[in-house]
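In terms of this note's numbering, the sequence shown opens at residue 4 and continues consecutively. Glycine is no exception: its CB is placed at the ideal position from the N, C-alpha and C atoms. If you're wondering where the values come from, they're calculated on a predicted model, not measured in any experiment.
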Amino acid sequence: MLPFTRPTLDEATIQGVVEVLRSGWLATGPNAAAFETALSEYCGGRPARVFTSATEALEIALAACGIGAGDEVITPALSFAATANVIVRRGAKPVFVDVHLDTRNLDFDQVEAAITPRTGAIMPVHFAGLPVDMERLYALAEKHGLRVIEDAAHAIGSSWQGRRIGSFGDLVCFSFHPNKNITSIEGGAILGGSADELKTIERHRFHGLVKSPDNYTDVLFAGGKANMSDVAARVGLGQLAQLERFNDKRRQLANRYFQRWSGNPPLRLPARGDAGHSWHIFAPLLPLERMRMTRVEFMESMKEQGIGTGVHYPALHPFTAYAQFGYRPGMFPNAERIGRETVTLPLFPGMELADVDRVVDAVTETLR
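Following this line, the structure appears as structure tokens:
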């Protein structure tokens, strides 16, 4: 069975985890600190803080920016639910805007039109690892005095005009879930932040606690608990050292898809991007209006041929959780079309080019 994704773990990393387990220091410790240092160095020296998940990282980043009740945060109508959930959890309103059909990234004309006096931040998603237009994003943010929290869950190792995502901008959040470009089993990170914001981030990460030099403990606010374990951090350290190799392989595999479907492809391919695209996923659109089967039937047919697929993602605004804000089907047609037609095909560093050929042949034959 060829899954649509699978983490690549080397023996050195596995043995490193064994050493951590034998050390007796399992919670946050020297490996978590080393992972933060390595992430900072990878992103040009910007401060890095690691967490139990990217979801926690996003929510804490919003808190560090002062986003709360009565605020609005502009974000795409196409993403994983975590992107919008963290806004709601802060008491703010997610203001959805549509995306471009092929890049799946924010339509900045709609972003500008959605800005109101209540807007506190923009939360873009670098979909599939393809960076949004960073010049326009930050020009808009500066013009209107807005914060930016980049949902870069897909985009570690991506770059915009030669600059790595995370090495510049406002607050940038990465994910290390097992299906991402690198994993720490579960985990996430925030890159960036002022000295004061870093203190706030660290306090939200561990119960709102502070300690004085004489070891007096105080709780400044009711914080949560999102500190990464040393076990997870050791996996992240081993993965980060291989990130460039992993992403190079992802680009090779994506290029193979485009080469095989260079003329009259049977489905709508995603935007190709440039060398800065890290290719977290490869998710074309099915030609449902011309098919005599549903997407579920297509996926079942692929499974019968030993090929796993996924759906990334349904549009957000029709979900029950966001009805309270007045959203309804039909408001964001591109996001809805993508949600109906998208299918995620296999793409991960452990694949070979022959695996792509196998997928292409199976898709083409199934659609025929």
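Spatially closest choice to residue i from the options, by CA coordinates
| i | options | result |
| --- | --- | --- |
| residue 37 | 243, 84, 82 and 121 | 243 |
| residue 132 | 182, 158 and 210 | 158 |
| residue 233 | 293, 28, 11 and 9 | 28 |
| residue 343 | 277, 299, 331 and 67 | 299 |
| residue 58 | 223, 271 and 191 | 191 |
| residue 305 | 364, 285 and 330 | 364 |
Three-way DSSP call (helix, strand, coil) for residue i in this model
| i | result |
| --- | --- |
| residue 8 | coil |
| residue 105 | coil |
| residue 203 | helix |
| residue 336 | helix |
| residue 367 | helix |
| residue 88 | helix |
| residue 61 | helix |
| residue 124 | strand |
| residue 93 | coil |
| residue 261 | helix |
| residue 83 | coil |
| residue 249 | helix |
| residue 318 | strand |
| residue 78 | strand |
| residue 288 | strand |
For residue i, the first and last residue of its enclosing beta strand (DSSP E)
| i | result |
| --- | --- |
| residue 39 | From DSSP, residue 39 is part of no beta strand (DSSP E) but of the alpha helix (DSSP H) over 33–45. |
| residue 239 | Careful: residue 239 lies outside any beta strand (DSSP E), inside the alpha helix (DSSP H) at 233–243. |
| residue 153 | 150–154 |
| residue 193 | 191–194 |
| residue 52 | 51–54 |
| residue 178 | 174–178 |
| residue 214 | 212–214 |
Inter-residue spacing [alpha-carbon to alpha-carbon] between residue i and residue j
| i | j | result |
| --- | --- | --- |
| residue 119 | residue 6 | 44 Å |
| residue 259 | residue 346 | 17 Å |
| residue 301 | residue 352 | 25 Å |
| residue 100 | residue 113 | 6 Å |
| residue 151 | residue 78 | 10 Å |
| residue 320 | residue 105 | 19 Å |
| residue 47 | residue 170 | 5 Å |
| residue 283 | residue 130 | 8 Å |
Delimiting residues of the alpha helix (DSSP H) encompassing residue i
| i | result |
| --- | --- |
| residue 224 | Residue 224 -> no alpha helix (DSSP H), and no H or E assigned at all. |
| residue 143 | 137–147 |
| residue 111 | 111–117 |
| residue 20 | 14–26 |
| residue 170 | Neither: residue 170 is in no alpha helix (DSSP H) and is coded neither H nor E. |
| residue 303 | 298–307 |
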